[in-house]
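Residue numbers (the numbering used here): -15 to 225. Just so you know, even glycine gets a beta-carbon here, dropped at the ideal spot from N, CA and C. Note that the structure is a prediction, hence the values are computed from the model and not measured.
See below:
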């Protein structure tokens, strides 16, 4: 399950090699990367199946909860259609234990209205990311995100890494200046209570733990003004100077 995190594509060439070697299905997690690409192929069209999120905060977001599954495999599609509607092909005759996961009409209408603007909005996010990278890349205690050479990053989040245990104090300082930031995510999976109590990692996952202590996502709404973008940069420079 390759996760295209923050809008950045995974290296799908490497994923394909591993899947071929071990005869695995590939299910892309495109929740944060609608419109992103790998080798000019849209994310979600590369694996055997893909999951999308239409939560309001996503690049293509609805008016509430929603999502989509995509596949070019008729067998998978047939099972998915049953699962999303209580588990059956025919009304009142279930084949699988399913769910009520149908997208309601209002959500579909909102998504269709926004869909025509998705490329423009993603382009705006990429421009904001360029401003941030230009303004922040010389701060020694901060690492800006990078784009893989074969990827089209659509910046669902612009997530920096702040060294020396300063992340939380930087977040607080920016909040005092009226700049909202977020931490995605404060706990790696193996440290969450559900998994911590049921499984032990085979080895220390130091990089995941370190990332969870350093990541900070900056404002990157596609309608963010140039003045607001520069304010974020200047505030970070002053905070870390």
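Per DSSP, cross-strand counterpart(s) of residue i
i, result
"residue 142", "202"
"residue 21", "26 and 136"
"residue 126", "146"
"residue 69", "84"
Cβ neighbour criterion (16 or more within 10 Å) applied to residue i
i, result
"residue 75", "exposed"
"residue 184", "exposed"
"residue 130", "exposed"
"residue 106", "buried"
"residue 142", "buried"
"residue -14", "buried"
"residue 139", "buried"
For residue j and residue i, the rounded distance between their alpha carbons
i, j, result
"residue 40", "residue 84", "20 angstroms"
"residue 48", "residue 37", "11 angstroms"
"residue 55", "residue 205", "30 angstroms"
"residue 97", "residue 88", "15 angstroms"
"residue 228", "residue 68", "A question about residue 228 goes unanswered here, because the residues of the chain that appear run from -15 up to 225."
"residue 63", "residue 53", "11 angstroms"
"residue 219", "residue 193", "27 angstroms"
"residue 28", "residue 104", "19 angstroms"
"residue 168", "residue 200", "7 angstroms"
"residue 100", "residue 195", "35 angstroms"
"residue 57", "residue -4", "19 angstroms"
Close beta carbons around residue i, own chain, < 7 angstroms, minus the five adjacent residues each side
i, result
"residue 78", "70, 71 and 72"
"residue 127", "144 and 145"
"residue 45", "38 and 39"
Cβ-based neighbour list, residue i, same chain, cut-off 6 angstroms, excluding 5 preceding and 5 following
i, result
"residue 23", "134"
"residue 119", "217"
"residue 60", "33"
"residue 35", "13 and 53"
"residue 223", "154 and 157"
Anticipated Cβ contact below 8 angstroms, residue i with residue j, distance rounded
i, j, result
"residue 43", "residue 112", "Not confirmed; about 13 angstroms, so no contact."
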